[in-house]
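Undergrad:
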Amino acid sequence: MPIKVGFLVGKDTDLVEDPKYEAVGDTSFLKDLPDIYRVDPDSHEYLKNCDPGTKGQAHADVAIPWYIHKHYDDIEVDIIFPEDITLKRLKGNMVNFVVGYDVINAVFEGKERLEEMTRMFKTCGNIMPSWEVQEFIYMKSTYMTRLKELGVPMAPTIFAHKGRRTPEGLLSEIKERGWKMFVMKQSYMAFSLGFQKLSVEECENNPQILKDYFEEFADCPEYVVQEAIQGFVRNWETRCFWFNGEFLYAIANKAAVSTDDGMEQIVTGDDIPEEFLENAKRIGREALKCLPELKTPDGQPVPMTLIRTDIGCSDSEIHDKETHWDPSKRTFFLNEIEYGGTTYFIRHLKFDAMPLWAKLYVEKAREIHEKMQTPEPQAKRARVSEVESKTPLMKKPAAVMKKPAKA
Numbered sequence: 128m129p130i131k132v133g134f135l136v137g138k139d140t141d142l143v144e145d146p147k148y149e150a151v152g153d154t155s156f157l158k159d160l161p162d163i164y165r166v167d168p169d170s171h172e173y174l175k176n177c178d179p180g181t182k183g184q185a186h187a188d189v190a191i192p193w194y195i196h197k198h199y200d201d202i203e204v205d206i207i208f209p210e211d212i213t214l215k216r217l218k219g220n221m222v223n224f225v226v227g228y229d230v231i232n233a234v235f236e237g238k239e240r241l242e243e244m245t246r247m248f249k250t251c252g253n254i255m256p257s258w259e260v261q262e263f264i265y266m267k268s269t270y271m272t273r274l275k276e277l278g279v280p281m282a283p284t285i286f287a288h289k290g291r292r293t294p295e296g297l298l299s300e301i302k303e304r305g306w307k308m309f310v311m312k313q314s315y316m317a318f319s320l321g322f323q324k325l326s327v328e329e330c331e332n333n334p335q336i337l338k339d340y341f342e343e344f345a346d347c348p349e350y351v352v353q354e355a356i357q358g359f360v361r362n363w364e365t366r367c368f369w370f371n372g373e374f375l376y377a378i379a380n381k382a383a384v385s386t387d388d389g390m391e392q393i394v395t396g397d398d399i400p401e402e403f404l405e406n407a408k409r410i411g412r413e414a415l416k417c418l419p420e421l422k423t424p425d426g427q428p429v430p431m432t433l434i435r436t437d438i439g440c441s442d443s444e445i446h447d448k449e450t451h452w453d454p455s456k457r458t459f460f461l462n463e464i465e466y467g468g469t470t471y472f473i474r475h476l477k478f479d480a481m482p483l484w485a486k487l488y489v490e491k492a493r494e495i496h497e498k499m500q501t502p503e504p505q506a507k508r509a510r511v512s513e514v515e516s517k518t519p520l521m522k523k524p525a526a527v528m529k530k531p532a533k534a
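Below, the structure written as structure tokens:
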């Protein structure tokens with residue numbers, strides 16, 4: 128009997144039906160893809176909501192499960208549009224992989240929708256990665272604090288939490304750290320929404336700048352405020368893709384403001400400078416250690432699904448009094464962590480990654496299914512019970528914005 132596997136979709140920025148991909152891959156498997164799953168590049172809506180005759184393309188989140196549908200008979204694929212997500216639909220599958228739409232998308236759809244999606248993701252019990260992993264990544268202070276404890280380099284950072292922040296207090300803390308320029312980012316946010324680069328001088332001269340920001344984004348659970356790293360925009364930011372804790376590939380991009388033609392540059396494979404790639408892999412591998420353990424729906428440990436680590440580079444002076452990077456050398460640092468709903472950059476690669484991603488998700492589904500079919504050994508349970516019976520009881524100590532394709 129086939130394993131029922133759900134895929135939560137909603138991308139409009141990760142093309143597969145594209146000449147760049149067709150230079151290395153074969154799109155013939157998409158010929159019989161129903162048009163309802165394609166996205167109009169102008170309106171960013173699924174074609175089912177467009178005028179008859181509108182043309183669109185398939186993106187990675189749909190292309191991967193469709194490839195699985197065409198090539199793996201033991202997997203019954205369930206491609207789930209954002210508006211079709213229900214607890215019953217999720218529970219009807221053995222597991223559901225987030226490859227497009229997630230709780231961050233729901234931030235765009237209002238408080239009620241966000242609460243509904245959060246409740247379903249928390250309680251369905253078979254979302255991958257688990258809600259514990261997702262929430263750990265959404266709230267940047269959680270994983271960044273843990274990374275700091277592990278010694279992973281990051282830009283100097285201040286967290287401004289909702290209910291405990293004021294414009295005046297934040298600026299005072301920034302000045303006390305010695306910063307000249309800083310950037311404002313947010314947890315539960317994506318696509319650089321809420322991003323702003325400011326100087327201490329302009330905020331002192333015009334206090335209304337920060338007041339307006341605090342008013343506009345009053346509902347954000349936390350601002351992530353960092354000293355602006357000047358080398359970040361003129362050097363490659365290297366994004367490493369990991370699955371089962373193993374490195375898959377990397378892409379590197381350079382911001383449009385630092386290129387000769389004013390266009391963002393993206394390179395992959397052996398076009399990524401070795402120094403940038405090796406340091407990105409080194410830091411990314413350390414960053415993986417901060418993540419919670421991933422577990423199957425019945426609580427058994429399983430290797431992690433897709434994680435992306437983004438690594439920046441500093442090559443000039445920073446002013447933070449607590450940070451001592453040598454301005455004459457390159458210092459590589461973790462910028463952020465993302466998971467399965469991120470951009471895969473399949474069309475930019477020098478190899479056909481479609482079979483790779485399909486294989487990884489199929490094998491993960493099989494692995495989870497097999498573990499759930501295998502009960503915990505009786506001997507192990509007996510040993511645990513015996514230890515517990517001999518152990519005296521002790522008192523315990525007291526203890527949103529990436530826009531999906533519109534469906």
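When we follow my numbering, the leftmost residue of the sequence shown carries the number 128, and every step to the right adds one. Glycine included, each C-beta is placed from N, C-alpha and C at the ideal position. This one's a predicted model, so the numbers in the text were calculated from it and none came from an experiment.
Whole angstroms are fine: how far does the CA of Val-429 sit from the CA of Thr-423?
TA: Taking the sequence shown and counting its residues from 1, the one referred to as residue 423 is at position 296. Taking the sequence shown and counting its residues from 1, the one referred to as residue 429 is at position 302. For Thr-423 and Val-429, the distance between alpha carbons rounds to 6 Å.
Undergrad: Within this structure, are the beta carbons of Ala-414 and Leu-461 separated by less than 8 Å?
TA: The count along the sequence shown starts at 1 and reaches residue 414 at position 287. The count along the sequence shown starts at 1 and reaches residue 461 at position 334. Result yes, Cβ atoms of Ala-414 and Leu-461 sit closer than 8 Å.
Undergrad: Specify the secondary structure class of Cys-177 as computed by DSSP and reduced to three states.
TA: Position 50 of the sequence shown, counted from the first residue, corresponds to residue 177. Here Cys-177 sits in coil by DSSP.
Undergrad: Between the region 350-365 and the region 307-326, do at least 3 Cβ pairs fall closer than 8 Å?
TA: Enough Cβ pairs lie closer than 8 Å, so yes.
Undergrad: Which one or two residues does DSSP pair with Arg-435 in a beta bridge?
TA: In the sequence shown, counting from the first residue as 1, residue 435 sits at position 308. Paired residues: Phe-368, Glu-465.
Undergrad: Roughly how many whole angstroms lie between the Cα atoms of Gly-467 and Asn-332?
TA: Walking along the sequence shown from the start, residue 467 turns up at place 340. Walking along the sequence shown from the start, residue 332 turns up at place 205. Taking the straight line joining both Cα atoms gives about 42 Å.
Undergrad: From the DSSP output, read off the bridge partner residues of Thr-154.
TA: Position 27 of the sequence shown, counting from 1, holds the residue named residue 154. Answer is none; Thr-154 lacks a bridge partner.
Undergrad: Less than 8 Å between CB atoms is the rule here; does Cys-347 satisfy it with respect to chain C?
TA: Of the protein chains in the structure, only one exists, and it is not chain C.
Undergrad: If I follow the unbroken beta strand (DSSP E) through Met-311, where does it start and stop?
TA: Taking the first residue of the sequence shown as position 1, residue 311 is located at position 184. Note, Met-311: beta strand (DSSP E), 308-313.
Undergrad: Compute every distance between the C-beta of Tyr-376 and the non-hydrogen atoms of the ligand ZN, then say whether any falls below 7 Å.
TA: Looking at this structure, you won't find the ligand ZN or any other ligand, since it has none at all.
Undergrad: Taking the alpha-carbon positions, what's the Phe-224 to Val-204 distance?
TA: Here residue 224 corresponds to residue number 97 of the sequence shown, with the count starting at 1. Here residue 204 corresponds to residue number 77 of the sequence shown, with the count starting at 1. If you take the alpha carbons of Phe-224 and Val-204, they lie about 11 Å apart.
Undergrad: Would you kindly work out how many angstroms separate the C-alpha atoms of Tyr-270 and Cys-417, rounded to a whole number?
TA: On the sequence shown, residue 270 is found 143 positions in, with the first residue counted as 1. On the sequence shown, residue 417 is found 290 positions in, with the first residue counted as 1. Whole-angstrom Cα-Cα distance: 7 Å.
Undergrad: Nearest by alpha-carbon distance to Gln-357: which of Trp-369, Ala-382, Met-255 is it?
TA: For the purposes of this step, residue 357 is taken as residue 230 along the sequence shown, with counting starting at 1. If we check each option's Cα against that of Gln-357, Ala-382 comes out closest.
Undergrad: Does the Cβ-Cβ distance between Gly-152 and Asp-388 come in under 8 Å?
TA: Numbered from its first residue, the sequence shown carries residue 152 at position 25. Numbered from its first residue, the sequence shown carries residue 388 at position 261. It is not a contact, given that the beta carbons lie outside the stated cut-off.
Undergrad: Considering only C-alpha positions, which residue in the set Ile-473, Asp-447, Arg-474 is nearest to Met-281?
TA: Residue mapping note: residue 281 aligns to position 154 of the sequence shown, counting from 1. When only C-alpha atoms are compared, the closest one is Asp-447.
Undergrad: If I'm right that Asp-229 touches His-186 with Cβ under 8 Å, what's the distance once you round it to whole angstroms?
TA: Your numbering for residue 229 matches position 102 in the sequence shown. Your numbering for residue 186 matches position 59 in the sequence shown. Between His-186 and Asp-229 the Cβ distance is about 15 Å, and since that is not below 8 Å, they are no contact.
Undergrad: Here's the rule I'm using: 16 or more other beta-carbon atoms within 10 Å means buried, otherwise exposed. How should Gly-227 be labelled?
TA: Within the sequence shown, numbered from 1, the residue matching residue 227 stands at position 100. Flag for Gly-227 reads buried.
Undergrad: Mapping the DSSP letters down to three states, classify Phe-208 as helix, strand or coil.
TA: For the purposes of this step, residue 208 is taken as the residue at position 81 of the sequence shown. Correct three-state label for Phe-208: coil.
Undergrad: Give me the Cα-Cα distance between Glu-243 and Lys-249, rounded to the nearest whole angstrom.
TA: If you number the sequence shown from 1, residue 243 lands on position 116. If you number the sequence shown from 1, residue 249 lands on position 122. Going by the C-alpha atoms only, they are around 10 Å apart.
Undergrad: Looking only at its chain, what residues have a beta carbon closer than 6 Å to the beta carbon of Thr-450, apart from the 5 residues adjacent to it on each side?
TA: Residue 450 sits at position 323 when you count from the first residue of the sequence shown. Pro-283, listed in sequence order.
Undergrad: Going straight from the alpha carbon of Gln-291 to that of Asp-346, what length do you get?
TA: For the purposes of this step, residue 291 is taken as residue 164 along the sequence shown, with counting starting at 1. For the purposes of this step, residue 346 is taken as residue 219 along the sequence shown, with counting starting at 1. It is worth fixing the name first, because residue 291 is Arg in this sequence and not Gln. If I take the Cα positions, the gap works out to 12 Å.
Undergrad: So Ile-98 and Phe-459 are in contact, right, with Cβ under 8 Å, and what is the actual spacing, rounded?
TA: The shown model of the chain, from 128 to 534, leaves out residue 98, and the question about it has no answer.
Undergrad: I need the boundaries of the alpha helix (DSSP H) containing Ala-379, first residue and last residue.
TA: Along the sequence shown, read from residue 1 onward, the residue named residue 379 stands at position 252. Element bounds for Ala-379: not the alpha helix (DSSP H) but the beta strand (DSSP E), 373-381.
Undergrad: Roughly how far, in whole angstroms, is the beta-carbon of Thr-365 from the beta-carbon of Leu-404, given that I think they are within contact range, below 8 Å?
TA: For the purposes of this step, residue 365 is identified with residue 238 of the sequence shown, where counting begins at 1. For the purposes of this step, residue 404 is identified with residue 277 of the sequence shown, where counting begins at 1. Rounded, the Cβ-Cβ distance is 6 Å, consistent with contact.
Undergrad: Can you grab the Cα-Cα spacing for the pair Leu-160 / Leu-174, in whole Å?
TA: Working through the sequence shown from its first residue, we reach residue 160 at position 33. Working through the sequence shown from its first residue, we reach residue 174 at position 47. C-alpha separation (whole angstroms): 12 Å.
Undergrad: Helix, strand or coil, according to DSSP, for Leu-320 in the structure here?
TA: Within the sequence shown, numbered from 1, the residue matching residue 320 stands at position 193. Looking at Leu-320 - three-state DSSP - the assignment turns out to be coil, as it is neither helix nor strand.
Undergrad: Shortest alpha-carbon distance to Lys-147 belongs to which of Met-481, Leu-483, Arg-474?
TA: Residue 147 sits at position 20 when you count from the first residue of the sequence shown. Here the closest residue by C-alpha is Arg-474.
Undergrad: Using a Cβ-Cβ cut-off of 7 Å (strictly less than) and excluding sequence neighbours within five positions of Leu-277, which residues of its own chain qualify?
TA: Indexing the sequence shown from 1 puts residue 277 at position 150. Result list for Leu-277: Glu-413, Lys-416, Cys-417, in chain order.
Undergrad: Suppose contacts are defined by Cβ-Cβ distances below 8 Å. Is Gly-137 in contact with Leu-217 by that definition?
TA: As a working mapping, residue 137 is identified with position 10 in the sequence shown. As a working mapping, residue 217 is identified with position 90 in the sequence shown. No, they are not a contact pair.
Undergrad: Quick check: Asp-425 and Asn-362, are their CB atoms within less than 8 Å of each other?
TA: Start at 1 with the first residue of the sequence shown, and residue 425 comes out as number 298. Start at 1 with the first residue of the sequence shown, and residue 362 comes out as number 235. Taking 8 Å as the Cβ cut-off, Asp-425 and Asn-362 do not qualify as a contacting pair.
Undergrad: Could you compute how far the alpha carbon of Gly-321 sits from the alpha carbon of Ile-301?
TA: For the purposes of this step, residue 321 is taken as the residue at position 194 of the sequence shown. For the purposes of this step, residue 301 is taken as the residue at position 174 of the sequence shown. Cα-Cα distance, rounded: 18 Å.
Undergrad: How long is the line joining the alpha carbons of Ser-299 and Arg-409, rounded to whole angstroms?
TA: Along the sequence shown, one-based indexing puts residue 299 at 172. Along the sequence shown, one-based indexing puts residue 409 at 282. Computed Cα separation, rounded: 35 Å.
Undergrad: Nearest-angstrom Cα distance between Glu-342 and Arg-304?
TA: Locating residue 342 in the sequence shown gives position 215, where the first residue counts as 1. Locating residue 304 in the sequence shown gives position 177, where the first residue counts as 1. Distance between the alpha carbons of Glu-342 and Arg-304: 24 Å.
Undergrad: Give the range of the beta strand (DSSP E) segment to which Gln-353 is assigned.
TA: Within the sequence shown, residue 353 is the residue found at index 226, counting from 1. 349-354 is the extent of the beta strand (DSSP E) around Gln-353.
Undergrad: Does DSSP put Ser-512 in a helix, in a strand, or in coil?
TA: Here residue 512 refers to the residue found at position 385 when the sequence shown is read from its first residue. The pLDDT assigned to Ser-512 is 46, lower than 50, so where the model puts this residue is not dependable; a value taken from the coordinates is nonetheless given after this. In the structure shown, Ser-512 sits in a helix (DSSP, three-state: H, G or I).
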